[in-house]
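Engineer:
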Amino acid sequence: MLSGTIYTATRPLSPLLESWKSTVLDTTTASTAGEMDNSHVPMECFQSLTLRELWNVKSAVLNYYGQFQLSLLYQSGILSLPSTAKNLVLFEDFNEDYSRIITTDPETADWSYRPGLHRTPSPLVADVLVSLVQIEKLAASYLVDAYDFFLCAGHRTSFWWRLSSLYLTSPHLVPETDRRCIDFILTLAGCVAERMPVLDTMVIWYGAKGVASEFRYEVTAKGRHASVRWRGTFDHPLATDTLKAWQRVARLRGAELTEKESVLLKAGEVYSHGAAIAELGLGGHVIHPVSLEQICGETSRYWFK
Numbered sequence: 001m002l003s004g005t006i007y008t009a010t011r012p013l014s015p016l017l018e019s020w021k022s023t024v025l026d027t028t029t030a031s032t033a034g035e036m037d038n039s040h041v042p043m044e045c046f047q048s049l050t051l052r053e054l055w056n057v058k059s060a061v062l063n064y065y066g067q068f069q070l071s072l073l074y075q076s077g078i079l080s081l082p083s084t085a086k087n088l089v090l091f092e093d094f095n096e097d098y099s100r101i102i103t104t105d106p107e108t109a110d111w112s113y114r115p116g117l118h119r120t121p122s123p124l125v126a127d128v129l130v131s132l133v134q135i136e137k138l139a140a141s142y143l144v145d146a147y148d149f150f151l152c153a154g155h156r157t158s159f160w161w162r163l164s165s166l167y168l169t170s171p172h173l174v175p176e177t178d179r180r181c182i183d184f185i186l187t188l189a190g191c192v193a194e195r196m197p198v199l200d201t202m203v204i205w206y207g208a209k210g211v212a213s214e215f216r217y218e219v220t221a222k223g224r225h226a227s228v229r230w231r232g233t234f235d236h237p238l239a240t241d242t243l244k245a246w247q248r249v250a251r252l253r254g255a256e257l258t259e260k261e262s263v264l265l266k267a268g269e270v271y272s273h274g275a276a277i278a279e280l281g282l283g284g285h286v287i288h289p290v291s292l293e294q295i296c297g298e299t300s301r302y303w304f305k
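Taken in order, the sequence shown gives residues 1 to 305; the numbers are from full-length UniProt numbering.
#1: Please go through the same chain and pick out, in chain order, the residues whose beta-carbon is closer than 6 angstroms to the beta-carbon of K209, but skip the five residues on each side of it.
#2: In three-state terms, what does DSSP make of R301?
#3: For the alpha helix (DSSP H) that contains F150, what are its first and last residues?
#4: List the whole-angstrom C-beta distance separating A139 from H285, where the pair is believed to meet the contact cut-off of C-beta under 8 angstroms.
#5: Buried or exposed: where does V263 fall if 16 or more other Cβ atoms within 10 Å of its Cβ makes it buried?
#6: For P82, is the classification buried or exposed, using 16 other Cβ atoms within 10 angstroms of its Cβ as the cut-off for buried?
#7: Apart from the five residues on each side of it in sequence, which residues of its chain come closer than 6 angstroms, Cβ to Cβ, to V228?
#8: What's the gap between the Cα of L163 and the Cα of M196?
#9: For K244, report the span of its alpha helix (DSSP H) as first-last.
#10: If you draw a straight line from the C-alpha of L188 to the C-alpha of K86, how long is it?
#11: Please report the residue range of the beta strand (DSSP E) in which A189 lies.
#12: Taking a contact to mean a Cβ-Cβ separation below 8 angstroms, would you say S141 touches F91 in this structure?
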């Protein structure tokens, strides 16, 4: 089985579709991967694909039209995936320092579309990811909101018969969000998971400077045990409706659900989204370990503390 890593830059009209065609083999270092030429390898040969969108200063100043165009390119690229692709990892990188400078600069105060710290997740991309019913492992970080994904999935009747692993970010998993909103997302996720009969792991998470949060559903011991747990820099007791939804999911696997004790993390140790990923132990699942190492190195030099 071949696995691929695709590197693209964030540009409003970047040739993203071409980047799908020029897939490179996964290697031990990102720099080596970037130097390899495997454009002769047919896309149909790949069963595992990773797309890391490299951070670019232009990403912080994309206007609404540019972001919409980028979402359409993502959508087209994902739809062009061969049916042989079973594992897909998408990661959109960002730099909070440069974004903060742009969002606080007086010269940008009059912009009709003033960017935020992070690019707004795309419902278009979430909707097309929902359509990948043949996928076995899926991770999408920062370019989609888990809420949009499950909302789109809730409007369909599809089953994801092969999906065993799902990792999604949601910008709502921060302490400023109304707890009822977080409860709704986690409950909705449980309702959708009833149509994922072989699901072993679902993680809904978020990470940024000063915040790391994770809801995890996990099946172990050959399907005999299932558990849910909250970990984060802020506490969030799981709601009764959320637990009931996930109890139904566990019972479909012939297991009883256990709620594990929540874990409170230290916000001061989470200096960036890279640190959050490392703290939550998500490296290798949502991003290549080498890419994570690069991000942690870059963000350790953040100016704003």
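We put the CB at the ideal spot given by N, CA and C, even for glycine. As the structure is a computational prediction, the values presented were derived from the model and not from experiment.
Structural biologist: Reading off the structure:
#1: Here residue 209 refers to the residue found at position 209 when the sequence shown is read from its first residue. Answer for K209: E96 and S272, listed in chain order.
#2: The residue labelled residue 301 in the question sits at position 301 within the sequence shown. Coil, per DSSP.
#3: Numbered from 1 along the sequence shown, position 150 holds the residue referred to as residue 150. Looking at the DSSP string, the run of the alpha helix (DSSP H) that includes F150 is A146 to G154.
#4: The count along the sequence shown starts at 1 and reaches residue 139 at position 139. The count along the sequence shown starts at 1 and reaches residue 285 at position 285. Right, the Cβ-Cβ distance comes to about 6 angstroms (below 8 angstroms), so this counts as a contact.
#5: The residue you call residue 263 lines up with position 263 of the sequence shown. Exposed.
#6: Translated into positions along the sequence shown, residue 82 becomes position 82. By the neighbour-count rule (16 or more Cβ atoms within 10 Å), P82 is not buried but exposed.
#7: What you label residue 228 is simply residue 228 of the sequence shown in a count that begins at 1. Excluding sequence neighbours, V228 sits near Y217, W246 and E259.
#8: Locating residue 163 in the sequence shown gives position 163, counting from the first residue. Locating residue 196 in the sequence shown gives position 196, counting from the first residue. Between L163 and M196, the C-alpha separation is close to 6 angstroms.
#9: Along the sequence shown, read from residue 1 onward, the residue named residue 244 stands at position 244. T240 to L252 is the extent of the alpha helix (DSSP H) around K244.
#10: For the purposes of this step, residue 188 is identified with residue 188 of the sequence shown, where counting begins at 1. For the purposes of this step, residue 86 is identified with residue 86 of the sequence shown, where counting begins at 1. The alpha-carbon atoms of L188 and K86 are separated by roughly 25 angstroms.
#11: Here the question's residue 189 lines up with position 189 in the sequence shown. Not the beta strand (DSSP E): A189 falls in the alpha helix (DSSP H), residues R179 to A193.
#12: Against the sequence shown, residue 141 aligns to sequence position 141. Against the sequence shown, residue 91 aligns to sequence position 91. Yes. Within cutoff.
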